[in-house]
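Each remark here refers to the structure printed beneath this line.
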Amino acid sequence: MSDAKLRLLPSIDRLSQCHDAVELIGQFGRESVLNALRETLNEARKNILSGSDGYSMPENDPSWLRRVKEILEGMTAPRLKRVINCTGVVIHTNLGRALLAESAAQAARLAGESNVNLEFDLDKGARGDRDTLVEELIIAHTGAQAATAVNNNAAAVLLALNTFAPGKEVIVSRGELIEIGGSFRLPEIMARSGCVLREVGTTNRTHLKDYEEAVNDNTGMILRAHTSNYRIIGFTTQPSTKELAELANRKGIPFMVDLGSGAILDMAVYGLPHEPTVKETLEEGAGIVTISGDKLLGGPQAGILAGDKNLITAINKNHLKRALRLDKMILAALEATLRLYLNPEEALRQIPTLRYLTRNLEEVRKTAGEAAAVLKTRLGDDADVFVMEDVCQAGSGSLPEMDIPSYSVAIKSKTMGPNELALWFRSQNPPVIGRVDKDLFRLDMRCVDDAEWFK
Ligand SMILES: *Cc1c(COP(=O)(O)O)cnc(C)c1O
Numbered sequence: 003m004s005d006a007k008l009r010l011l012p013s014i015d016r017l018s019q020c021h022d023a024v025e026l027i028g029q030f031g032r033e034s035v036l037n038a039l040r041e042t043l044n045e046a047r048k049n050i051l052s053g054s055d056g057y058s059m060p061e062n063d064p065s066w067l068r069r070v071k072e073i074l075e076g077m078t079a080p081r082l083k084r085v086i087n088c089t090g091v092v093i094h095t096n097l098g099r100a101l102l103a104e105s106a107a108q109a110a111r112l113a114g115e116s117n118v119n120l121e122f123d124l125d126k127g128a129r130g131d132r133d134t135l136v137e138e139l140i141i142a143h144t145g146a147q148a149a150t151a152v153n154n155n156a157a158a159v160l161l162a163l164n165t166f167a168p169g170k171e172v173i174v175s176r177g178e179l180i181e182i183g184g185s186f187r188l189p190e191i192m193a194r195s196g197c198v199l200r201e202v203g204t205t206n207r208t209h210l211k212d213y214e215e216a217v218n219d220n221t222g223m224i225l226r227a228h229t230s231n232y233r234i235i236g237f238t239t240q241p242s243t244k245e246l247a248e249l250a251n252r253k254g255i256p257f258m259v260d261l262g263s264g265a266i267l268d269m270a271v272y273g274l275p276h277e278p279t280v281k282e283t284l285e286e287g288a289g290i291v292t293i294s295g296d297k298l299l300g301g302p303q304a305g306i307l308a309g310d311k312n313l314i315t316a317i318n319k320n321h322l323k324r325a326l327r328l329d330k331m332i333l334a335a336l337e338a339t340l341r342l343y344l345n346p347e348e349a350l351r352q353i354p355t356l357r358y359l360t361r362n363l364e365e366v367r368k369t370a371g372e373a374a375a376v377l378k379t380r381l382g383d384d385a386d387v388f389v390m391e392d393v394c395q396a397g398s399g400s401l402p403e404m405d406i407p408s409y410s411v412a413i414k415s416k417t418m419g420p421n422e423l424a425l426w427f428r429s430q431n432p433p434v435i436g437r438v439d440k441d442l443f444r445l446d447m448r449c450v451d452d453a454e455w456f457k
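If you use my numbering, the sequence shown closes out at 457, no skipped numbers anywhere.
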């Protein structure tokens, strides 16, 4: 019985010549359609052998055509999709961190689509340096003597360590041996840079004399890492950045501060906790400060190094920099983002990440109310949908330990558990990412402008 059915299956050749397939070839290309036909035939063969009542084949049965289309659409659909961030984490690493301002996105697009003066000096008509696109702006915002930018903050730290301390010791407090998001671990970066980690002090207490006693002829650098995703509280002590800078200066060794999130603006002015700015860290005497482009700065993924001119010059001479350099679209977006900071109020209005962090709570509550109404209609009597007070986080090691007041739409369904609800929301177009909290599914509304998404 199944043998007879199997013999009836048409050949790929025959299938590819039928009218519908020819049309699909015009749309998706020959190779893709042949692959989809092959997969469909295999499935039909399996259906026949297992005696299931799934589609078999012959041309007069259109169910296989539907399946071919489905496979082709699956193959050609973008894997990277817009998702709605209702996680309660504003700068969410897994969801792509900061959101670009309109002008930054446009600049990236222009750089992608056109030839641009990336490394071309339009005045001299000669080769230029891509750093000049952003260096002046970084200097203007931070008071640094010089600056450069690379692929991300991890690359910035790696590059600086490799420039000043290959084969040498780098002194770091045991209280600052950070791990960020599981993939940036200071000891590992240190090893990869060719440096020897010289830990000093204890987890909770490190004194200036611990640093002082560790300095020897083979010391390449003193490094301070901003403990950006945790706080050590209680019986603690750390020398100030100023004291470390003075020590490094006295001993003639470079002093770097990895600020991580590193704000350009003083967030305290906008009602958020104070996050050390690049400017004040340089003023305290750091030789180099490194920050991420896509955390509090609100730009594209990048790592900025700002500081002393001689140190930045040495970094620029390191051949490793060529491997870590920024793409033109990223540079364009970074330049446009930095340009917005010339007017801080404008930066706050235009950069979505900053706008969400400083967004008026009443406005968040209003959006939550609208979204709850939409979802009530959609989910029907099965679900209890209500607005609740909530707290969210800046995320990505920015403003750690800080609860930002927010509002969520909470959902409790009679037919679906919270994890099922989470899956249902993730399967929407666009997918909505919330969080499960005991028996509730919660959608934080701080990063949502418009309840339309839930329709
Ligand atoms: C986030 C962070 C990093 C890693 O930066 P990326 O831009 O993700 O490479 C390094 N150090 C600190 C202190 C951070 O907060």
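Glycine included, C-beta positions come from ideal geometry on N, C-alpha and C.
This structure is a prediction, so every number in the text was calculated from the model and none was measured.
Measuring CB atoms only, is the region 93-103 touching the region 304-314, in the sense that at least three cross pairs come out at less than 8 Å? no
Leu442 - partner residues in DSSP beta bridges: Your numbering for residue 442 matches position 440 in the sequence shown. Partner(s): Asp439.
Which one of Asn431, Asp439, Leu445 has the shortest CA to CA distance from Arg84? The count along the sequence shown starts at 1 and reaches residue 84 at position 82. Taking only the C-alpha atoms, the option nearest Arg84 is Asn431.
In this structure, how does DSSP classify Phe237 when only helix, strand and coil are distinguished? Start at 1 with the first residue of the sequence shown, and residue 237 comes out as number 235. Here Phe237 sits in coil by DSSP.
Can you tell which of Met331, Leu298, Asp452 has the C-alpha that lies nearest to the C-alpha of Tyr343? In the sequence shown, counting from the first residue as 1, residue 343 sits at position 341. Selected option, being the one with the closest Cα: Leu298.
Ile173 to Leu350 span [Cα, whole Å]: Within the sequence shown, the letter at position 171 stands for residue 173. Within the sequence shown, the letter at position 348 stands for residue 350. Rounded to the nearest angstrom, the two C-alpha atoms are 37 Å apart.
Where Lys414 sits in the DSSP three-state scheme: Counted from its first residue, the sequence shown places residue 414 at position 412. If DSSP states are grouped into helix, strand and coil, Lys414 belongs with the strands.
By Cβ distance below 6 Å, which residues in the same chain neighbour Val217 in space, the five residues on each side in sequence not counted? Mapped onto the sequence shown, residue 217 falls at position 215. Take Val217, set aside five residues on each side of it, and the residues of its chain with a beta-carbon closer than 6 Å to its own are Lys253, in chain order.
Mind checking who Val393 pairs with in its DSSP beta bridge? Looking up residue 393 in the sequence shown gives position 391. Paired residue(s): Pro407.
Ser18 and Leu39 look like a contact to me (Cβ under 8 Å); what is the Cβ gap, rounded to whole Å? The residue given as residue 18 occupies position 16 in the sequence shown. The residue given as residue 39 occupies position 37 in the sequence shown. Between Ser18 and Leu39 a beta carbon distance of about 6 Å is seen, short of the 8 Å cut, so the two are scored as contacting.
In the DSSP assignment, the alpha helix (DSSP H) including Ile50 goes from what residue to what residue? Your numbering for residue 50 matches position 48 in the sequence shown. It spans 32-51 - the alpha helix (DSSP H) in which Ile50 sits, taken as one unbroken run.
Excluding five sequence neighbours on each side, which residues of the same chain lie with their C-beta closer than 6 Å to the C-beta of Asn370? Against the sequence shown, residue 370 aligns to sequence position 368. For clarity, residue 370 is Ala in the given sequence; the question names Asn instead. Only Val389, Tyr409, Val411, Met447 meet the Cβ criterion.
Beta-carbon contacts of Lys1 that lie in its chain and below 7 Å, excluding the five residues immediately before and after: In this structure the chain extends from 3 to 457, so residue 1 is not present and cannot be described.
Let me know the secondary structure DSSP gives Asn96 once reduced to three states. Against the sequence shown, residue 96 aligns to sequence position 94. Residue state, collapsed to three classes: helix.
Segments of 3+ residues assigned as beta strand (DSSP E) that fall wholly inside the region 275-302: 290-294
If the criterion is Cβ atoms closer than 7 Å, does the pair Gly177 and Ile234 meet it? Reading the sequence shown from its first residue, position 175 is the one you call residue 177. Reading the sequence shown from its first residue, position 232 is the one you call residue 234. Their beta carbons are under 7 Å apart, which means Gly177 touches Ile234 by this criterion.
What are the complete alpha helix (DSSP H) segments, minimum 4 residues, inside the region 173-226? 188-194, 210-216
Specify whether the region 67-78 and the region 19-39 touch according to this definition: at least 3 beta carbon pairs, one from each stretch, less than 8 Å apart. yes
Sorry if obvious, but does the Cβ on Ile182 come closer than 6 Å to a heavy atom of ligand 1? As a working note, residue 182 is residue 180 in the sequence shown. Remark: the shortest separation between the CB of Ile182 and any heavy atom of ligand 1 falls under 6 Å.
From the DSSP output, in three-state form, read off Val91 for me. Stepping through the sequence shown from its first residue, residue 91 is reached at position 89. Strand.
Counting pairs of Cβ atoms below 8 Å between the region 321-337 and the region 151-159, do you hit three or more? Enough Cβ pairs lie closer than 8 Å, so yes.
Evaluate contact between the region 248-262 and the region 121-129, counting only Cβ atoms and requiring at least three cross-stretch pairs below 8 Å. no
Does ligand 1 have even one heavy atom less than 6 Å from the beta-carbon of Phe186? Translated into the one-based positions of the sequence shown, residue 186 becomes position 184. Indeed, a heavy atom of ligand 1 lies less than 6 Å from the Cβ.
I'd like to confirm the pairing. Which residues does DSSP put opposite Arg129 in its beta bridges? Numbered from 1 along the sequence shown, position 127 holds the residue referred to as residue 129. In the DSSP output, where bridge partners are listed per residue, Arg129 has Phe122.
Considering only heavy atoms of ligand 1, does any lie closer than 6 Å to the CB of Asn155? Indexing the sequence shown from 1 puts residue 155 at position 153. At least one heavy atom of ligand 1 is nearer than 6 Å to the Cβ of Asn155, so yes.
Classify Leu101 as helix, strand or coil using the three-state DSSP reduction. Counted from its first residue, the sequence shown places residue 101 at position 99. It is coil, neither helix nor strand.
Can you find the residues in the same chain that come closer than 8 Å, C-beta to C-beta, to Gly53, ignoring five residues on each side of it along the sequence? Within the sequence shown, residue 53 is the residue found at index 51, counting from 1. The residues are Ser4.
Do Gly300 and ligand 1 come close, with the Cβ less than 6 Å from some heavy atom? Within the sequence shown, the letter at position 298 stands for residue 300. No, the Cβ of Gly300 stays beyond 6 Å of every heavy atom of ligand 1.
List the DSSP bridge partners of Asp386. The sequence position of residue 386 within the sequence shown is 384, counting from 1. Note: Asp386 sits in a beta bridge opposite Lys414.
Do you know offhand how far Pro278's Cα is from Leu246's? Against the sequence shown, residue 278 aligns to sequence position 276. Against the sequence shown, residue 246 aligns to sequence position 244. Approximately 16 Å between the Cα atoms of the pair.
Less than 8 Å between C-beta atoms, sequence neighbours within five positions excluded: which residues of the same chain meet that for Leu284? Counted from its first residue, the sequence shown places residue 284 at position 282. Answer for Leu284: Thr144, Gly145, Ala146, Val291, Ala308, Gly309, listed in chain order.
May I ask you to report which of helix, strand or coil DSSP gives Val376? Along the sequence shown, one-based indexing puts residue 376 at 374. Correct three-state label for Val376: helix.
Within this structure, are the beta carbons of Ala142 and Lys311 separated by less than 7 Å? If you number the sequence shown from 1, residue 142 lands on position 140. If you number the sequence shown from 1, residue 311 lands on position 309. No, Cβ-Cβ distance for Ala142 and Lys311 is not below 7 Å.
Less than 7 Å between the beta carbons of Glu171 and Asn220, yes or no? Stepping through the sequence shown from its first residue, residue 171 is reached at position 169. Stepping through the sequence shown from its first residue, residue 220 is reached at position 218. In contact: Glu171 and Asn220 (Cβ atoms closer than 7 Å).
Three-way DSSP call (helix, strand, coil) for Met258 in this model: Your numbering for residue 258 matches position 256 in the sequence shown. DSSP places Met258 in strand when its eight states are reduced to three.
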